[in-house]
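Numbering (the working numbering), first residue to last: -1 to 142.
Right under this line is the structure:
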């Protein structure tokens, strides 16, 4: 936002940090850019329309959310939690940021500014989704 990008974050899910995030967003004057949607039974329309998928976790097992973003061929940025490298190949099907705000912001900006990288990641994700057409069809039915 400080660099002039028009950003709208849609935070899906619930966590114990929500009230702190709401307060911090007001403190930093970015509350109009953050949209807290809470837990949703059908987050797919938001994911389908997203420019990228961001997962900032300190720890994560096998993430269903990452797999869903892969199926939808969304550029992915995740933090370097313990299992990150088993889920994303950095610069191939997403980006792995370090566990700090600057690294996360730099990786997001890399997706925004580097069209070749973004398109290569999308193409790699589309290729890896081959053979999962029936699962993708199920997701598209949920969208409608």
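Backbone N, C-alpha and C define an ideal beta-carbon position, used for all residues, glycine too.
Remember, predicted model here, so these are calculated numbers, not experimental data.
Is the separation between the beta-carbon of residue i and that of residue j shorter than 9 Å?
| i | j | result |
| --- | --- | --- |
| residue 75 | residue 48 | no |
| residue 66 | residue 44 | no |
| residue 3 | residue 110 | yes |
| residue 70 | residue 46 | yes |
| residue 50 | residue 72 | yes |
| residue 31 | residue -1 | yes |
Assign residue i to one of three DSSP states: helix, strand, or coil.
| i | result |
| --- | --- |
| residue 19 | helix |
| residue 42 | helix |
| residue 94 | strand |
| residue 8 | strand |
| residue 99 | helix |
| residue 76 | strand |
| residue 35 | strand |
| residue 50 | coil |
If distances are taken between C-alpha atoms only, which option among the options comes closest to residue i?
| i | options | result |
| --- | --- | --- |
| residue 37 | 29, 8, 24, 70 | 8 |
| residue 81 | 104, 91, 114, 57 | 57 |
| residue 89 | 69, 117, 62, 97 | 117 |
| residue 123 | 85, 2, 14 | 85 |
| residue 108 | 69, 61, 52 | 52 |
| residue 15 | 34, 114, 119, 60 | 34 |
| residue 29 | 50, 83, 70, 5 | 5 |
| residue 54 | 31, 70, 98 | 98 |
| residue 87 | 70, 64, 103 | 64 |
If residue i sits next to residue j, beta carbons under 8 Å apart, how far is it from one beta carbon to the other, in whole angstroms?
| i | j | result |
| --- | --- | --- |
| residue 40 | residue 140 | 6 Å |
| residue 105 | residue 93 | 4 Å |
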